[in-house]
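Visitor:
Protein chains in written order, with the working numbering: chain A, 804 to 904; chain B, 201 to 445.
1) Could you give the uninterrupted runs of the beta strand (DSSP E) lying entirely in the segment 345-412 of chain B, keeping only those of 3 residues or more?
2) With 9 Å as the C-beta to C-beta threshold (strictly closer), list the residues of the segment 804-818 of chain A near chain B in chain order.
3) For residue 383 of chain B versus residue 359 of chain B, is the C-beta spacing smaller than 8 Å?
4) If contact means a Cβ-Cβ distance below 7 Å, which residues of the segment 219-238 of chain B contact chain A?
5) Could you name the residues of the segment 254-280 of chain B whose beta carbon sits closer than 9 Å to any beta carbon of chain A, in the order they occur along the chain?
6) Starting from residue 269 of chain B and walking both ways along the alpha helix (DSSP H), at which residues does that stretch end?
7) Check the Cβ-Cβ distances between residue 320 of chain B and every residue of chain A, and say whether any is below 8 Å.
8) On a CA-only basis, which of B/251, B/234 and B/250 is nearest residue 243 of chain B? Give me that one, please.
9) Are residue 327 of chain B and residue 255 of chain B closer than 8 Å when you measure CB to CB?
10) Where DSSP assigns a beta bridge to residue 426 of chain B, which residues make up the other side?
11) If I measure Cβ to Cβ from residue 361 of chain B and keep anything under 7 Å in the same chain, skipping five residues before and after, which residues do I get?
12) Can you give the beta carbon distance from residue 271 of chain B to residue 375 of chain B, rounded, assuming they're within the 8 Å contact cut?
13) Check whether the Cβ of residue 371 of chain B lies closer than 8 Å to any Cβ atom in chain C.
14) What residues of chain B sit near residue 864 of chain A, judged by a beta carbon separation below 7 Å?
15) Does residue 428 of chain B pass the burial test, meaning 16 or more other C-beta atoms within 10 Å, or should it be called exposed?
Next comes the structure, spelled out in structure tokens:
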């Protein structure tokens with residue numbers, strides 16, 4: 804059951820908000836989104852120290868001030884196309900740095 | 201995680217990695233490969249997850265390959281302080297993606313990964329496209345603590361990293377380093393290629409037909425295996441692993 808993974812093109816010439824649109828629009832991915840929403844919440848609750856969550860709220864409220872482009876725009880684009888809360892997308896993207904200690 | 205950079209007998213550099221993490225089934229379902237293109241040409245490629253914009257595994261074609269292995273040091277608030285007080289500190293996965301996008305040579309990539317301030321400690325494992333280009337960078341938040349390089353001329357034809365500083369013994373209950381070294385030495389420099397790197401990454405402790413439940417190269421937490429060779433960018437592939445069937 805060692806399965807090669809699906810491959811997508813990210814067009815860096817497009818606006819950051821559009822970088823991950825082709826992946827979001829793939830029917831295989833669309834099918835996964837309800838599961839992703841649920842599992843993302845579980846993962847966040849288990850991984851991130853409670854004390855850190857207020858910091859993430861501050862960061863999410865003014866994403867462009869704290870995160871460089873294209874990352875801030877890409878996260879907004881992913882939140883828009885998946886319907887997942889932007890704060891949750893941000894936390895998942897900070898997961899390594901929040902948990903490597 | 202386990203990352204290996206090896207030079208085969210012809211001088212080709214190979215880079216293999218297992219990404220081990222919790223939430224395995226969740227991550228296995230959303231693992232993807234991304235070709236980041238400009239003007240229709242691939243600038244760099246990464247293995248990632250749906251919704252994840254950074255890179256923990258990636259390749260700049262014909263230049264270098266990078267993998268990230270977790271390094272747990274200090275307390276959570278040290279990461280938070282670094283994020284709040286050091287405006288130049290980067291997220292680990294963002295630095296990898298920026299390096300893939302902007303560094304034009306193996307040496308530039310090494311310098312950038314070694315000396316850019318980071319929010320969290322980490323191991324960067326880097327492979328190049330030329331002979332003897334392979335290194336493990338042990339990172340603290342501010343800078344590199346150590347850069348351990350391959351030295352085929354003196355018999356060090358591979359470097360490997362799990363999740364412990366290479367100059368210290370790993371804990372007995374998580375010693376994935378020893379079985380990886382054993383598998384590499386059994387394969388030998390002459391036997392190294394994409395297929396054998398995948399086999400090394402798939403090593404499990406077995407007694408007859410019974411797979412033993414001890415930490416190993418391929419383990420319950422392994423979500424994917426990626427094999428790369430910067431000099432042969434078309435080789436790069438990623439397989440989702442289901443170690444428990």
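From the three backbone atoms N, C-alpha and C, an ideal C-beta is built for every residue, glycine too.
Quantities reported herein were computed from a predicted structural model and do not represent experimental measurements.
Guide: To lay it out plainly:
1) List check, beta strand (DSSP E) in window: 358-361.
2) Those residues of the segment 804-818 of chain A that come within reach of chain B (Cβ to Cβ, closer than 9 Å) are 804, 805, 806, 807, 808, 809, 810, 811, 812, 813, 814, 815 and 816.
3) By one-based count along the second chain, residue 383 of chain B stands at place 183. By one-based count along the second chain, residue 359 of chain B stands at place 159. Contact: no.
4) Closer than 7 Å at the C-beta level to chain A, one finds these residues of the segment 219-238 of chain B: 223, 226, 229, 230, 231, 232, 233, 234, 235, 236, 237 and 238.
5) Going along the segment 254-280 of chain B in chain order, one finds 254, 256, 268, 270, 271, 272, 273, 274, 275, 276, 277, 278, 279 and 280 with a Cβ nearer than 9 Å to chain A.
6) Here residue 269 of chain B refers to the residue found at position 69 of the second chain. Where residue 269 of chain B is concerned, there is no enclosing alpha helix (DSSP H), although the beta strand (DSSP E) it sits in stretches over 264-270.
7) Reading the second chain from its first residue, position 120 is the one you call residue 320 of chain B. Residue 320 of chain B has a beta carbon lying within less than 8 Å of a beta carbon in chain A.
8) Here the question's residue 243 of chain B lines up with position 43 in the second chain. In terms of Cα proximity to residue 243 of chain B, the closest of B/251, B/234 and B/250 is B/234.
9) Residue 327 of chain B sits at position 127 when you count from the first residue of the second chain. Residue 255 of chain B sits at position 55 when you count from the first residue of the second chain. The answer is no: Cβ separation not under 8 Å.
10) Sequence index remark: in the second chain, residue 426 of chain B carries index 226 (1-based). In DSSP, residue 426 of chain B forms a bridge with B/217 and B/438.
11) Taking the second chain and counting its residues from 1, the one referred to as residue 361 of chain B is at position 161. Result list for residue 361 of chain B: 203, 269, 323, 325 and 336, in chain order.
12) Mapped onto the second chain, residue 271 of chain B falls at position 71. Mapped onto the second chain, residue 375 of chain B falls at position 175. Residue 271 of chain B to residue 375 of chain B, Cβ: 17 Å. No contact.
13) In the structure shown, chain C cannot be found, because the protein chains are A and B.
14) Here residue 864 of chain A corresponds to residue number 61 of the first chain, with the count starting at 1. Here the premise fails: no neighbours, minimum Cβ distance about 15 Å.
15) Position 228 of the second chain, counting from 1, holds the residue named residue 428 of chain B. Classification for residue 428 of chain B: buried.
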